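In full-length UniProt numbering, the protein residues as written are 1 to 618. Structure first, commentary second.
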Amino acid sequence: LKKAKQHVEKAIKEKKIFAVQGPYPVIRSLLRARGWVERKLPRENRRLKQQLGGQKKQKLETVPSDDGDEQEEAVLNPHGGAQPSLGTTEPLHYPLPCSEKEEEEKDEDKEEDTEDSDDIHDLMSHLVRDQVPNFLWTIRLSSIDQELLQKVEVVNRYHWVHALSTKEGLCLSLQNLPWVEQVDPNTFFPRCYRLGTMEEREAFIEDFRLTAARSLLKLALEKAGDKLVETGQHPKSNKKPGRLCALAPRLVQEPMPFTEGPGYPLSSPPRLVEKALEVCEQHLGVLGHQDIDRRTPSPCRTCIDWDCFLQDYYRVAHEGAGLALSRAQRERCQDLLRRLSEQLPQFSIEGKLNVWILKPSAKSRGRGIVCATRLEQVLQLARGCTTPSVRVCEWVVQKYVEQPLTIFDTKFDIRQWFLVTDGNPLTVWFYQDCYLRFCSQPFSLHDLEHSRHLCNVSIQKRYKTSSYQDPRVPPHRVWSSKQFQGYLAQLGRGDAWHKVMVPGMKAAILNSLRCAQDHMGFRKGSFELFGADFLVSKDCQPWLLEINSCPTMSPSSAVTRRLCANVQRDTLRLVLDRKDNPSCSVGAFELIYKEAAVPMRPTVGINLMVKGCSLKKP
């Protein structure tokens, strides 16, 4: 008891009282090793009953979580115990982000039950129960009492990161990137539209149609081949492609009969190709600003009957209908596609099937995601969020990367951490270790199941490894970046990681932060660790998919167990140890950006004084 009191007195004097909310045993262990003392937080009724013993049971207010689900959760009180939350003043311009913290909360009880419950730590925690923590690491900022939060010196979360960490917020922020940096977001972020906004919905429809026209030209060249005759061969697949069941949770395609009736006549193949050629010619003119003086709508919207064209395209792309090309048409197709590839930054990620991916704007871990290949499927989902009064878009639609780099014929993505330690000046640290997440089945665009296309660990853990999966795919479906670099070296592309992928990921992260920072609630002394998800195309270019606040630290494999522990250790080095010792090691973190500080001007009213001299008559 005497030693515990002495340790507590020293911790209070040195301002080393911390609180941890969530499944973070690594953070707790590292802080205790530094001499910090924990003030434990009550979480739910069950925990409080155990702590209060025979005292009168205290009913806690039900606090809604970020995704609308309700759970019983205590709120940290300046005087100890629990009280209702005072609420927040967060703006409503963005939906609340549903980050990976929800999955971690499910593991929180397990972590607390298995954690070392040394009596000395429990005793010291009891002795500091009325102390305001100097350091707070929380999984959910909204559950912390706002009055107390203002007194905590260091917190691991920022207010209002929705402009960066929600799909709708990131989409909107990157649309404004050209006003901040001379960078085209289409060079690193697959084009994305908010379907709840009428203007963006119309822009998506036009984009879908133009992409279908380009895809048809690619299919025509593929089907015609060198013989320049009609071929009735179906695309290579172990399943017959067909209509996607848009609302099916597993995204299983329903076979479609090859219909040849009066309602589905295929236009003359040469005429169909001529329509696609005409559209692409018009689009090139728009890209070259040749339509700048037109008073009529975009020629791409009115030059052909789009409903008829799309039905014919679906039959060619998804039902195996053949096409024939003349030699002149083939040369025009090749020339137009070459010119379009020079104008369109995302031409290389497009395929021939025009696949798009729909995402709920504020959910994570792959929930609610649907892949679609038909325009009417996308619009059907969007009908519920096109009312002008709706301030938050329910869905975003993004171009699916149809030409990804695969490993052993399996799709993967990259989870890349970065740390923001200040908002003014904006200071960003890039973590030099990351990991890859694999799907559980081989990649195929003719089967749009989650198991082939969504790399989220929370999705893939539902599936067993396919018998068709290459045995070289790791059993836990995770690789470290070091393993990936070794694989690239075997392919003779060892330089791609350091020369193409890493610089591309750094640039995408910085561009996203730069255009979102004015809409983020930074706080001096606080910081936040983010997890960005990237997909790599066949040319090794990284494409940003989304950015997660509060990325999961729950290990799913030996690789993630090591890397997640390391990034937490290095984060504490950076935000705590570096304050007392600026030359201390920060592990794998690399400072990639620190802008010049912008002086904060005091509010003193508008100064309307005019300086100069009066004019005198000669």
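A virtual CB, placed ideally from N, CA and C, is assigned to each residue, including glycine. Computed from a predicted structure; not experimentally measured.
May I ask you to report which of helix, strand or coil DSSP gives T427? Reduced to three states, the DSSP call for T427 is strand.
So for F412, helix, strand or coil by DSSP? The answer is strand: DSSP assigns F412 an E or B state.
Every unbroken alpha helix (DSSP H) within the segment 516-601, with a cutoff of 4 residues, ordered by chain: The segment 516-601 contains these whole alpha helix (DSSP H) runs: 558-572.
For the beta strand (DSSP E) that contains Y193, what are its first and last residues? Its beta strand (DSSP E) spans residues C192 to R194.
Classify R374: buried if its beta carbon has 16 or more other beta carbons within 10 angstroms, exposed otherwise. By the neighbour-count rule (16 or more Cβ atoms within 10 Å), R374 is buried.
Under a Cβ-count criterion, where at least 16 other Cβ atoms within 10 Å of its own Cβ denotes burial, should P582 be classed as buried or exposed? That one is exposed.
Inter-residue Cα distance where the pair is E528 and R383: Between E528 and R383, the C-alpha separation is close to 36 Å.
Going by C-alpha distance, which of L535, Q175 and E278 is nearest R214? When each option's Cα is compared against that of R214, the closest is E278.
In the DSSP assignment, the alpha helix (DSSP H) including F188 goes from what residue to what residue? Taken as a continuous stretch (DSSP letters only), F188 belongs to no alpha helix (DSSP H), as it is neither H nor E.
Give the range of the alpha helix (DSSP H) segment to which K482 is assigned. It spans S481 to Q490 - the alpha helix (DSSP H) in which K482 sits, taken as one unbroken run.
Between the Cα of E402 and the Cα atoms of D447, C434, F430 and W395, which residue gives the shortest distance? The shortest Cα separation from E402 among D447, C434, F430 and W395 belongs to D447.
Tell me, to the nearest whole angstrom, how far the beta carbon of C280 is from that of L336; I am working on the premise that it is less than 8 Å. Their Cβ separation, rounded to whole angstroms, is 5 Å, which keeps C280 and L336 in contact under 8 Å.
Take F408 as the anchor and find which of L123, L381 and V473 has the nearest alpha-carbon. Minimum Cα distance to F408 is reached at V473.
Supposed contact pair L141 and R157 - C-beta distance, whole angstroms, cut 8 Å: R157 to L141, Cβ: 4 Å. Contact.
Three-way DSSP call (helix, strand, coil) for T421 in this model: T421 sits in a strand when the DSSP states are folded into three classes.
Roughly how many angstroms separate the alpha carbons of G423 and D518, rounded to a whole number? Each residue's Cα considered, the two are about 9 Å apart.
On the CB-based measure, 16 or more other CB atoms within 10 Å of its CB, does M609 come out buried or exposed? So M609 counts as exposed.
Assuming contact is defined by CB atoms lying nearer than 8 Å, are F418 and V428 in contact in what I supplied? Yes.
Would you tell me roughly how many angstroms separate the C-alpha atoms of T166 and L210, rounded to the nearest one? A straight line joining the alpha-carbon of T166 with that of L210 spans about 28 Å.
Could you name the residues of the same chain whose beta carbon sits closer than 7 Å to that of Q541, not counting the 5 residues immediately before and after it, in chain order? Cβ neighbours of Q541 beyond the five flanking positions: V500 and G504.
Residues that P503 bridges to, as DSSP identifies them: Bridge partners of P503: none, in fact.
Could you tell me the boundaries of the alpha helix (DSSP H) in which residue 621 lies? Residue 621 lies beyond the residue range present for the chain, which begins at 1 and ends at 618; the question has no answer from this structure.
Per DSSP, E38 forms a beta bridge with which residues? Per DSSP, F18.
Does the distance from the CB of V559 to the CB of W497 come in under 8 Å? Against a cut-off of 8 Å, the Cβ pair of W497 and V559 comes out as no contact.
Determine the contact status of S440 and Q460, defining contact as a CB-CB distance below 8 Å. Going by C-beta atoms, S440 is nearer than 8 Å to Q460.
Pick out whichever of M520, E546, R562 and E202 has its Cα sitting closest to the Cα of L454. For the residues M520, E546, R562 and E202, the minimum Cα distance to L454 belongs to E546.
Compute the Euclidean distance between the alpha carbons of P425 and V180, then round it to the nearest angstrom. About 16 Å.
Specify the secondary structure class of Y435 as computed by DSSP and reduced to three states. Per DSSP, reduced to three states, the secondary structure at Y435 is strand.
Starting from A382, follow the alpha helix (DSSP H) in both directions and report where the run begins and ends. From DSSP, the alpha helix (DSSP H) with A382 extends over L375 to A382.
Pull up the distance between the alpha-carbon of E44 and that of Q21, whole angstroms please. For E44, the predicted model reports a pLDDT of 46, less than 50, meaning its position is unreliable; a value from the coordinates is still stated below. Annotation: E44 to Q21 spans about 12 Å, alpha carbon to alpha carbon.
Taking the alpha helix (DSSP H) that F308 falls in, what are its first and last residues? Per the sequence shown, the amino acid found at residue 308 is Cys instead of Phe. That run of the alpha helix (DSSP H) goes W306 to H318.
With a Cβ-Cβ cutoff of 8 Å, do L144 and C550 count as a contact? The sequence given here has Ile at residue 144, not Leu. Contact flag unset, no.
Bridge partners for K359 per DSSP, in chain order? Residue pairing by DSSP places K359 opposite V396 in a beta bridge.
By the DSSP assignment, the alpha helix (DSSP H) with L127 in it spans what residues? Secondary structure note for L127: its alpha helix (DSSP H) is the uninterrupted segment D119 to L127.
Drop a sphere of 10 angstroms on the beta-carbon of residue 628, count the other beta-carbons inside from all chains shown, and report buried for 16 or more, exposed for fewer. Because the chain spans 1 through 618 in this model, residue 628 falls outside it and cannot be assessed.
Please look up how many angstroms separate the CB atoms of Q469 and I27, rounded, as I've assumed it's under 8 Å. Between I27 and Q469 the Cβ distance is about 36 Å, and since that is not below 8 Å, they are no contact.
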